[in-house]
Structures are given as structure tokens and as C-alpha cells.
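Chemist: Shown below is the structure under consideration.
2 protein chains.
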Amino acid sequence: MRRFVLIGQTASASGDFSLENLPSSSGRLDALLRALRAALLVSHAVRTNACVYLVLRGGPKAPRVLRVDGARVKFLRPDERSLALLIKKTLDAAPPALSELTELRPGVDLRDGDLAELLSELADAPSYVLEEGGADVRTAALPEDAWFFLGDHQGFDAASRELLAARGAATLSVGPRSLHAEDVVTLLNNELDRRSPAPR
Amino acid sequence: MRRFVLIGQTASASGDFSLENLPSSSGRLDALLRALRAALLVSHAVRTNACVYLVLRGGPKAPRVLRVDGARVKFLRPDERSLALLIKKTLDAAPPALSELTELRPGVDLRDGDLAELLSELADAPSYVLEEGGADVRTAALPEDAWFFLGDHQGFDAASRELLAARGAATLSVGPRSLHAEDVVTLLNNELDRRSPAPR
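Residue numbers (the numbering used here), protein chains in the order written: chain A, 1 to 200; chain B, 201 to 400.
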């Protein structure tokens with residue numbers, strides 16, 4: 001299972017955002033939703049070997065971690081509005097306290113907590129931070145069960161950086177230009193696909 | 201200049217679609233819009249060396265070709281709704297007959313016509329069809345001024361295939377899985393970036 005962790009510095013942890021004005025009303029959750037699509041959807045199918053964690057740090061309910069598991073999720077559509085609606089409904093349906101990842105819709109799980117709580121459950125899974133100047137993803141060792149950590153348009157904050165460094169996370173780069181998180185996810189999936197082609 | 205041509209078999213050539221229900225009301229224009237983002241936007245910048253052509257074959261005004269030129273476009277935002285609104289306004293503002301590409305908004309041009317009309321203006325520019333089973337993009341010769349032709353979720357129709365074959369377009373593939381057009385565009389841009397890094 002490939003795991004992509006997307007850190008949304010301002011992304012709304014509650015459903016209090018408007019589908020008519022997603023970027024500004026949701027703290028740029030839209031960028032995370034596009035990365036979610038890139039992580040889980042291929043042509044006419046879901047990647048059952050991939051899983052996405054959104055670390056939502058914006059708004060009154062923050063921080064929360066939302067997980068979408070390609071092996072369990074149903075009816076995942078690629079367009080941004082449909083994905084936003086799925087996340088909004090999940091966040092709206094959440095009970096007041098969730099101390100561990102709890103399935104609220106098929107394949108969509110939620111918990112209270114931040115990156116630190118998520119990391120505490122990883123044990124020693126191989127971890128990678130995606131960032132400019134890292135080792136080239138094309139030549140790096142990349143186990144299929146890797147955890148990939150990506151920032152949003154604001155990048156990583158110092159505290160997140162320290163948490164990941166403390167785990168010994170290696171830094172990877174996908175190429176010479178600074179790209180949107182969704183493009184980075186696409187490039188990671190392609191590199192992994194090339195190394196171990198999934199069944200069609 | 202890299203050029204990406206996206207063929208939308210049912211994508212609306214008029215502005216008669218709803219932003220609240222883009223996939224079904226626009227004939228899956230949403231898929232083309234995501235590919236447009238992948239083609240033209242990097243982190244906090246526009247790719248001034250890339251250009252996108254949408255071949256719109258759906259609805260009463262079809263066929264039309266809409267071009268977005270990274271060197272001229274202004275205020276291009278990454279979210280699907282903003283991109284849909286830009287295209288909708290452009291299509292709505294079009295005069296009844298446009299026999300050649302005409303700028304209707306900064307960097308956004310429109311013309312009547314289909315793939316055949318577009319191809320007739322290409323002269324002998326190097327052309328590539330993106331499709332499963334083609335030569336691997338990582339090892340193929342890829343001039344920076346290449347034209348890349350991509351299908352939507354329905355792939356290529358026989359007539360388009362013949363037009364492109366008649367030009368001697370080579371077939372390229374990005375990897376072992378069948379991906380959304382936007383992911384294919386991301387992978388092409390990355391391969392070109394790696395060969396000739398653009399200025400930061």
C-alpha cells in the first residue's frame with residue numbers, strides 16, 4: 001500500500017465551506033482534493049493499493065486527519081466539486097470527539113489530531129518528504145509500502161519538518177521545477193507503477 | 201513551445217453548462233480542464249512555454265477549438281470551477297463565426313472547426329499521439345516544440361486516429377497503467393522539464 005500524506009496548513013477541518021467558492025472558503029482544500037484524485041484514480045478505476053491522508057489544520061475543528069482508502073472507498077469521482085462534497089459530508093457527519101481513525105463513509109475515515117498523532121501510529125514504515133532539492137525519485141529506493149509526505153502551496157512548517165526529520169524521513173524530488181502537490185503525486189505513482197506494474 | 205491538444209468527444213463547445221454540475225452538463229469538459237491546469241500551471245507560476253488546445257465536439261456550436269496560451273494568459277487559477285468559468289465566459293462571448301483562432305480574452309483564443317482544421321495549420325511540426333502501448337516517453341526523442349495529442353475518457357475516434365496517422369504522428373506511452381489525460385500531461389511536462397530545465 002502506497003500512502004500519501006498531504007498537509008493542508010489552512011485547509012478546513014470542518015464542513016463550513018462553500019462549493020461555489022472552494023479555494024477561499026475552504027482554506028485551499030481544493031489543492032488537496034486534486035492531489036487526492038491523482039493519488040487514487042486511474043482511467044475508469046480506483047487504485048486499490050493507495051491511500052491518502054489529509055492533515056486538515058484550518059478552522060475551529062482543526063486539527064483533524066481524514067483518510068481515503070483506495071481499497072475501500074466507493075463512488076469516487078474525479079471532479080473537484082464531487083470530491084469536495086464527499087469531504088464536506090464526512091466532516092459534517094463527524095461526532096464531537098474521534099480519538100482514532102473511524103470510518104464515517106465507505107473508505108473515508110476521520111480522527112481528531114495532527115501530524116504528530118498520525119506519525120505515532122506509523123512504527124518504522126519507510127517515509128519520504130517530497131521537496132525541491134531532494135534525491136531524484138527515479139533513482140531512489142522506493143518500497144511499495146512507502147509513506148510520502150507532501151506540503152500544500154505553503155510548503156512545510158518548521159514543526160512538521162522536525163517531526164519528519166526525527167523519523168529519519170528521506171527527502172525526495174520529482175524534477176527540476178516546483179510543482180503542485182497533485183503533479184508530485186502523479187509522478188510518484190508513475191514511478192512506482194513502472195517498478196511494479198499493477199494488474200490491469 | 202510545448203503544445204497539448206486535448207480531444208473532447210462530448211465536451212461542450214458552447215457555454216451552456218452548469219458550474220454546479222460540470223461533468224454531466226458540460227459533456228465531461230471537467231476532464232479537459234484538469235488537463236489544462238496540468239499543462240500550464242506550476243507552483244505559483246504559469247508555464248510560459250506551453251500551450252493547450254481543447255477540441256470541443258459537444259453541443260450545438262461544435263466543433264470548436266479553444267486555445268489557452270501560457271505566454272499570454274492572465275489570472276489563470278488552478279481550481280476547476282475557476283477554469284470552467286473562464287472557458288464558459290469565452291464560449292459565451294464568441295461571435296457567430298470564427299474562421300481562425302481569435303483572442304477573446306487575454307491568452308484565450310477560439311475558432312470554429314475541428315481537429316482537421318487545426319492540423320492543417322501545423323505544417324510539419326513533430327507530433328505525438330499519447331496512447332497505451334506506444335514508445336516509452338522516457339526514452340523517446342522529444343523536441344521541445346512537439347505537439348502532443350491526447351484523448352479524453354473515451355479515447356480517440358477512428359477519424360482522428362486516421363488524421364494523426366496521416367501526419368506520421370508517433371505513438372507514445374507514459375507508463376504501464378491507463379491514466380487520466382491530466383496525469384499524462386503532467387508526466388510529459390516532467391519529462392521535458394528534466395531534459396531542458398526551465399528558468400525558475
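All C-beta atoms in this analysis are idealised placements derived from N, C-alpha and C, irrespective of residue type, glycine included.
1. Alpha helix (DSSP H) containing B/Glu-220: first to last residue?
2. Applying a beta-carbon distance threshold of less than 8 Å, which residues of chain B neighbour A/Asn-49?
3. For A/Phe-149, count neighbouring C-beta atoms within 10 Å of its own C-beta (all shown protein chains included) and say buried if the count is 16 or more, exposed if not.
4. Does B/Asp-309 have its Cβ less than 8 Å from a Cβ in chain A?
5. From B/Leu-241 to B/Arg-247, what does the alpha carbon distance come to, in whole angstroms?
6. With H, G and I counted as helix, E and B as strand and the rest as coil, what does DSSP make of B/Glu-344?
7. Hey, could you find the ends of the beta strand (DSSP E) A/Thr-171 is sitting in?
8. Give a yes or no on whether the C-beta atoms belonging to A/Leu-83 and A/Arg-111 are separated by under 8 Å.
9. For a minimum of 4 consecutive residues, which ranges assigned as the alpha helix (DSSP H) are wholly contained in the segment 44-93 of chain A?
10. Using 10 angstroms around the beta-carbon of A/Asn-21, count the other beta-carbons present and answer buried if the total reaches 16, otherwise exposed.
11. To be precise: take each residue of the segment 282-303 of chain B, compare its Cβ to all Cβ atoms of chain A, and keep it if any distance is under 8 Å. Which residues remain?
12. If contacts are defined as beta-carbon pairs under 8 Å, then A/Ile-7 and A/Ser-160 qualify, I think. What distance do you get, rounded to the angstrom?
13. Closest to B/Val-255 by CA distance: which of B/Asp-324, B/Ser-378, B/Gly-333, B/Glu-317 is it?
14. Applying a beta-carbon distance threshold of less than 8 Å, which residues of chain A neighbour B/Glu-344?
15. Should A/Glu-80 be flagged as near chain B, meaning a C-beta pair shorter than 8 Å?
16. Indicate whether A/Leu-172 and A/Leu-130 have their beta-carbon atoms separated by less than 8 Å.
17. With a cut-off of 8 Å, does the C-beta of B/Thr-386 fall near any C-beta of chain A?
18. Am I right that B/Ser-225 and B/Ser-218 are in contact with their C-beta atoms under 8 Å? What's the rounded C-beta distance?
19. Compare the C-beta of A/Leu-6 against all C-beta atoms of chain B and say whether one is closer than 8 Å.
20. Please decide whether B/Ala-370 counts as near chain A, where near means a Cβ-Cβ distance under 8 Å.
21. State yes or no: is the C-beta of A/Leu-86 within less than 8 Å of the C-beta of A/Val-108?
22. Note down, in chain order, every chain B residue with its Cβ under 7 Å from the Cβ of A/Gly-175.
23. Is it buried or exposed for A/Gly-215, if we count other Cβ within 10 angstroms and need 16 for buried?
24. Starting from the beta carbon of A/Leu-130, find every residue of chain B whose beta carbon is closer than 7 Å, and list them in chain order.
25. Compare the C-beta of A/Ser-178 with all C-beta atoms of chain B and state if any pair is closer than 8 Å.
26. Kindly list, in the order they appear in chain A, the residues whose Cβ is closer than 9 Å to that of B/Ala-238.
27. Let me know if B/His-380 comes out buried or exposed under the rule of 16 or more other beta-carbons within 10 Å of its beta-carbon.
28. Is the CB of A/Asp-30 under 8 Å away from at least one CB in chain B?
29. Could you tell me the alpha carbon to alpha carbon distance between B/Leu-233 and B/Glu-280, rounded to whole angstroms?
30. For the segment 212-226 of chain B, enumerate the residues whose C-beta is nearer than 7 Å to any C-beta of chain A, in chain order.
31. Using a C-beta to C-beta distance shorter than 8 Å, which residues of chain B count as neighbours of A/Leu-41?
32. Using a Cβ-Cβ cutoff of less than 8 Å, which residues in the same chain neighbour A/Arg-138 once the five nearest sequence positions on both sides are dropped?
33. Using DSSP with H/G/I as helix, E/B as strand and the rest coil, what is B/Arg-305?
34. Please return the same chain residues whose Cβ sits closer than 8 Å to the Cβ of B/Lys-288, not counting the five positions on each side in sequence.
35. Tell me which residue opens and which closes the alpha helix (DSSP H) that A/Leu-122 is part of.
Modeler: On the basis of the coordinates in this document:
1. Taking the first residue of the second sequence as 1, we reach residue 220 of chain B at position 20. Neither: B/Glu-220 is in no alpha helix (DSSP H) and is coded neither H nor E.
2. Along the first sequence, read from residue 1 onward, the residue named residue 49 of chain A stands at position 49. Near A/Asn-49 there are no residues of chain B at all, since even the closest Cβ is about 11 Å away, more than 8 Å.
3. What you label residue 149 of chain A is simply residue 149 of the first sequence in a count that begins at 1. That one is buried.
4. Along the second sequence, one-based indexing puts residue 309 of chain B at 109. Judged by the 8 Å Cβ criterion, B/Asp-309 is not in contact with chain A.
5. Within the second sequence, the letter at position 41 stands for residue 241 of chain B. Within the second sequence, the letter at position 47 stands for residue 247 of chain B. C-alpha separation (whole angstroms): 6 Å.
6. The residue you call residue 344 of chain B lines up with position 144 of the second sequence. In this structure, B/Glu-344 counts as coil in the three-state DSSP scheme.
7. Translated into the one-based positions of the first sequence, residue 171 of chain A becomes position 171. Looking at the DSSP string, the run of the beta strand (DSSP E) that includes A/Thr-171 is 170-173.
8. Counting from one through the first sequence, the residue named residue 83 of chain A turns up at place 83. Counting from one through the first sequence, the residue named residue 111 of chain A turns up at place 111. Not in contact: A/Leu-83 and A/Arg-111 (Cβ atoms no closer than 8 Å).
9. You should have 80-92.
10. Looking up residue 21 of chain A in the first sequence gives position 21. Answer is exposed; the Cβ neighbour count stays below 16.
11. So the close ones are Ser-282.
12. Residue numbering aside, residue 7 of chain A sits at position 7 when the first sequence is read from its first letter. Residue numbering aside, residue 160 of chain A sits at position 160 when the first sequence is read from its first letter. Rounded, the Cβ-Cβ distance is 6 Å, consistent with contact.
13. What you label residue 255 of chain B is simply residue 55 of the second sequence in a count that begins at 1. The residue with the shortest Cα to Cα distance from B/Val-255 is B/Glu-317.
14. Within the second sequence, residue 344 of chain B is the residue found at index 144, counting from 1. In chain order: nothing, as chain A lies at least about 14 Å away.
15. The residue given as residue 80 of chain A occupies position 80 in the first sequence. So yes, A/Glu-80 belongs to the interface.
16. In the first sequence, residue 172 of chain A corresponds to position 172, counting from 1. In the first sequence, residue 130 of chain A corresponds to position 130, counting from 1. Going by C-beta atoms, A/Leu-172 is nearer than 8 Å to A/Leu-130.
17. Reading the second sequence from its first residue, position 186 is the one you call residue 386 of chain B. Residue-level contact check: B/Thr-386 touches chain A, since one or more beta carbons of chain A fall below 8 Å from its beta carbon.
18. By 1-based counting over the second sequence, the position of residue 225 of chain B is 25. By 1-based counting over the second sequence, the position of residue 218 of chain B is 18. Right, their Cβ atoms sit about 4 Å apart.
19. For this step, residue 6 of chain A is matched to residue 6 along the first sequence. Closer than 8 Å: no.
20. The residue labelled residue 370 of chain B in the question sits at position 170 within the second sequence. No, because no Cβ of chain A sits closer than 8 Å to the Cβ of B/Ala-370.
21. As a first step, residue 86 of chain A must be located in the first sequence, where it is residue number 86. As a first step, residue 108 of chain A must be located in the first sequence, where it is residue number 108. Yes, the pair counts as a contact, with Cβ atoms nearer than the cut-off.
22. Mapped onto the first sequence, residue 175 of chain A falls at position 175. Neighbours of A/Gly-175 on chain B, chain order: Asn-390, Asp-393, Arg-394.
23. Coverage of chain A is limited to positions 1 through 200, which leaves residue 215 of chain A absent and any answer about it impossible.
24. If you number the first sequence from 1, residue 130 of chain A lands on position 130. Within chain B, no residue comes near A/Leu-130; the closest Cβ sits about 12 Å away, beyond 7 Å.
25. Looking up residue 178 of chain A in the first sequence gives position 178. Output row for A/Ser-178: interface = yes.
26. What you label residue 238 of chain B is simply residue 38 of the second sequence in a count that begins at 1. Those within 9 Å of B/Ala-238 in chain A are His-180, Glu-182, Asp-183, Thr-186.
27. As a first step, residue 380 of chain B must be located in the second sequence, where it is residue number 180. With 16 or more other Cβ atoms within 10 Å, it is buried.
28. The residue labelled residue 30 of chain A in the question sits at position 30 within the first sequence. For A/Asp-30, the answer is yes, since a Cβ of chain B falls inside 8 Å of its Cβ.
29. Taking the first residue of the second sequence as position 1, residue 233 of chain B is located at position 33. Taking the first residue of the second sequence as position 1, residue 280 of chain B is located at position 80. Between B/Leu-233 and B/Glu-280, the C-alpha separation is close to 6 Å.
30. Hits within the stretch, in order: Leu-222, Pro-223.
31. Position 41 of the first sequence holds residue 41 of chain A. Residues of chain B with a Cβ closer than 8 Å to the Cβ of A/Leu-41 are, in chain order, His-380.
32. As a first step, residue 138 of chain A is located in the first sequence; it is residue number 138 there, counting from the start. Excluding sequence neighbours, A/Arg-138 sits near Glu-191.
33. If you number the second sequence from 1, residue 305 of chain B lands on position 105. In this structure, B/Arg-305 counts as strand in the three-state DSSP scheme.
34. Within the second sequence, numbered from 1, the residue matching residue 288 of chain B stands at position 88. Cβ within range, chain order: Gly-215, Phe-217, Leu-219.
35. Along the first sequence, one-based indexing puts residue 122 of chain A at 122. Per DSSP, A/Leu-122 belongs to no alpha helix (DSSP H) and is neither H nor E.
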